[in-house]
Amino acid sequence: MQFIDLGEQYRRIKDKVDKEVINAIESGKYIMGPPVKELEQRLAAYVGRKYCVSCSNGTDALTMPLMALGIGEGDAVFVPDFTFFASAEVVAGVGATPVFAEVNPDTFNLDAESLERSIEKVKSEGKLTPRMIIAVDLFGQPADFGAIMDVAQRHGLLVMEDGAQGFGGTYNGKKACSFGDVSTTSFFPAKPLGCYGDGGAIFTDDGELAERLRSIRVHGSNPTDKYDNIRLGLNARLDTVQAAVLHCKLDIFDSELVTRQRAADCYTASLKDIVETPVVPEKFTSSWAQYTVKLKSREQREKGIIRLKEKGIPAMIYYPCPMHLQTAFAGLGGKKGDFPVSEHLCDTVMSVPMHPYLTSKDIETVCMALREVL
Ligand SMILES: *Cc1c(COP(=O)(O)O)cnc(C)c1O
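At the far end of the sequence shown sits residue 391, using the numbering used here, and the numbering has no gaps.
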């Protein structure tokens, strides 16, 4: 069994993908060819934003808005403590300071009350200027944007949605990657919408910001004079070939969301009496980037993973180490005990195989194996 079966998906769309990839190669327009622009229009329409700026990966998608909004030294950016490293890495990468906040133990997403306490602490210390909140749609479920936007408004902060895992999820009838001032996603192969390499996208309704992002994408170029550079930028374009692949995958994306939901429902029905299954509150839907359960202890999880491995079932730990205890952030002075919820999740979560092509037999095999150990 595979953790994510991209081969099965490829078999479904092979004819189309092969044709579109060859077309892209034969066109000779390897860089920013027509499929890139067309994809941006489709993606913006899909999530319900005015502008989409595609880019090289989900990490650059987070970095570019920080650069475009002038966030840097002396600025505080608030990030959930339980997330993938990139969500916080990009903040330090532009010279600003990531300030962590606790997550909700059930949804794994940024906790608005803890966020507000972190903001107030930074304000009262008076050393850093609070500028932005990065809210992550962890495991496919949008963050609690109702509460987070309230906090942001009260404190005059920008909001960036890290929708690397969230693409396809919804909150209050609105699609992930449509929240906050700017939102981002990743097309890394294992994400809900993945390509066959690296890719990413940024979404906003702010035309001026979109313009700056397009400039940053190509070395800070001047849109009206290609040999003039008006700022420092990156080389951060999405390849034409990857855009061609993404068109084919976007065509079937909604049908995959249906089968992901079906797989999640099967898991939940069969596991809810032995582990803590994922909680998706009313008004939210998840794109099920991961199906993540909580076990009783680190020891029980260790046993579970070994047992599953013996049966050829891959299980993963997303994530074993919280942001405040990452070695790279040791300079920020985080210590064990600072964020108990996040630390506890790191000790007890386990993600099981999840993709649109899981059979009910696969799910039964995973659940039976877990039932045996627990
Ligand atoms: C994967 C991921 C990223 C980074 O995306 P890449 O395309 O791998 O650079 C950022 N944030 C989160 C939450 C992610 O899961």
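Positions of the beta carbon are idealized from the N, C-alpha and C atoms, including for glycine.
| Query | Result |
| --- | --- |
| Distance cut-off 7 angstroms: Ser104 Cβ against heavy atoms of ligand 1 | yes |
| Own chain partners of Asp128 with C-beta closer than 7 angstroms, once the 5 adjacent residues on each side are dropped | Ala118, Glu119, Val120, Asn121 |
| Coil, strand or helix - Ala113 by DSSP | coil |
| Alpha-carbon spacing of Leu174 relative to Tyr27, whole angstroms | 42 angstroms |
| Sequence ranges, beta strand (DSSP E) only - wholly within the region 153–218, length at least 3 | 175–179, 199–203 |
| Three-state class that DSSP yields for Arg324 in the structure shown | helix |
| Strand pairing of Val235, partner residues [DSSP] | Asn252 |
| Beta-carbon proximity of Thr294 to Tyr335, cut-off 8 angstroms | no |
| DSSP state of Ser368 mapped onto helix, strand, coil | strand |
| Val262 (DSSP reduced to helix, strand or coil) | helix |
| Continuous alpha helix (DSSP H) stretch holding Asp245: start and end | Per DSSP, Asp245 belongs to no alpha helix (DSSP H); it is in the beta strand (DSSP E), 242–246. |
| Endpoints, the alpha helix (DSSP H) within which Val94 is located | Run containing Val94: none in the alpha helix (DSSP H); it sits in the beta strand (DSSP E), 92–97. |
| Cβ neighbour criterion (16 or more within 10 Å) applied to Arg148 | buried |
| Selected residue, minimal CA-CA separation from Glu225, among Thr344, Pro240, Gly216, Ala218 | Pro240 |
| Neighbourhood of Glu178 by C-beta, 6 angstroms cutoff - its chain only, sequence neighbours within 5 removed | Ala152, Phe196, Gly197, Ser200 |
| Assumed close pair Ala253, Met371 - CB separation to whole angstroms, cut-off 8 angstroms | Their Cβ separation, rounded to whole angstroms, is 29 angstroms, which puts Ala253 and Met371 out of contact at 8 angstroms. |
| Extent of the continuous alpha helix (DSSP H) to which Tyr284 belongs | 270–288 |
| Beta-carbon gap between Ser232 and Leu274 smaller than 8 angstroms | no |
| Buried versus exposed, by CB contacts within 10 Å (16 or more), Ser377 | exposed |
| Any non-hydrogen atom of ligand 1 closer than 7 angstroms to Leu79 Cβ | yes |
| Backbone CA spacing between Arg234 and Gly75 [nearest angstrom] | 13 angstroms |
| Spatial distance of Val297 from Ile42 (CA atoms) | 42 angstroms |
| The region 159–166 in contact with the region 285–293 per 3-pair CB rule at 8 angstroms | no |
| Three-state secondary structure (DSSP) of Met18 | coil |
| heavy atom of ligand 1 below 7 angstroms from Gly211 C-beta | no |
| Length of the line joining the Cα atoms of Tyr374 and Gly354 | 40 angstroms |
| Where Thr309 sits in the DSSP three-state scheme | strand |
| Near ligand 1: Thr437 beta-carbon under 7 angstroms from a heavy atom | Any property of residue 437 remains undetermined from this structure, which presents the chain solely from 18 to 391. |
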